[in-house]
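Input: a single structure, listed below in structure tokens.
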Amino acid sequence: MKHRNAARPNNGREKLRQFQELDDAFAKALQELDDPDARPDIPTGPPVRSAQAQAKEEDARARERAFSQRLEALMEEYRMPPAVLTELIGTLLECGVWADKPGAQR
273 MKHRNAARPN NGREKLRQFQ ELDDAFAKAL QELDDPDARP DIPTGPPVRS AQAQAKEEDA
333 RARERAFSQR LEALMEEYRM PPAVLTELIG TLLECGVWAD KPGAQR
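The numbering of the sequence shown is this note's numbering, which starts it at 273 and goes up by one.
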């Protein structure tokens with residue numbers, strides 16, 4: 273019995289301490305709401321994107337996947353290893369035959 277009684281005061285004190293911490297946090301939150309200059313520390317997620325922006329990103333990813341698939345198919349068809357293709361692209365860029373950005377002409 274003595275063991276149970278000894279545990280109760282500690283348990284009660286712990287509950288009181290937790291309640292006081294909660295009460296203090298609540299009071300602080302209320303003060304922050306009342307203060308017009310204070311910015312609340314509210315965790316937020318990433319900014320919400322519009323459906324149009326999401327559609328553009330998905331279209332861009334789809335074009336990149338299609339390009340990669342087509343490039344791999346051509347490399348396989350012409351038996352061209354990636355190192356040779358890299359060298360060819362570098363040469364075309366240096367000579368000004370191929371623009372480094374889509375739609376750009378030199």
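C-beta atoms are modelled at their ideal positions from N, C-alpha and C, and glycine is treated no differently. Source: prediction; values computed, not measured.
Ends of the alpha helix (DSSP H) at residue i?
i: threonine 358; result: 354-367
i: arginine 333; result: 323-349
For residue i and residue j, I'd like the C-alpha separation in whole angstroms.
i: proline 353; j: serine 340; result: 14 Å
i: alanine 394; j: alanine 338; result: For residue 394 there is no data in the structure shown, the boundaries of the chain being 273 and 378.
i: methionine 383; j: alanine 355; result: What the structure shows of the chain is the stretch from 273 to 378, and residue 383 is not part of that stretch, so it cannot be assessed.
i: alanine 327; j: glutamine 290; result: 49 Å
i: proline 334; j: cysteine 367; result: It is worth fixing the name first, because residue 334 is alanine in this sequence and not proline. Distance between the alpha carbons of alanine 334 and cysteine 367: 30 Å.
i: glutamate 304; j: leucine 294; result: 15 Å
i: tryptophan 370; j: leucine 364; result: 5 Å
i: glutamine 324; j: glutamate 330; result: 10 Å
i: leucine 343; j: proline 319; result: 35 Å
i: lysine 238; j: serine 322; result: Residue 238 lies beyond the range of the chain shown here (273 to 378); nothing can be said about it.
i: glutamate 286; j: glutamate 336; result: 59 Å
i: glycine 284; j: leucine 302; result: 27 Å
i: aspartate 307; j: asparagine 282; result: 37 Å
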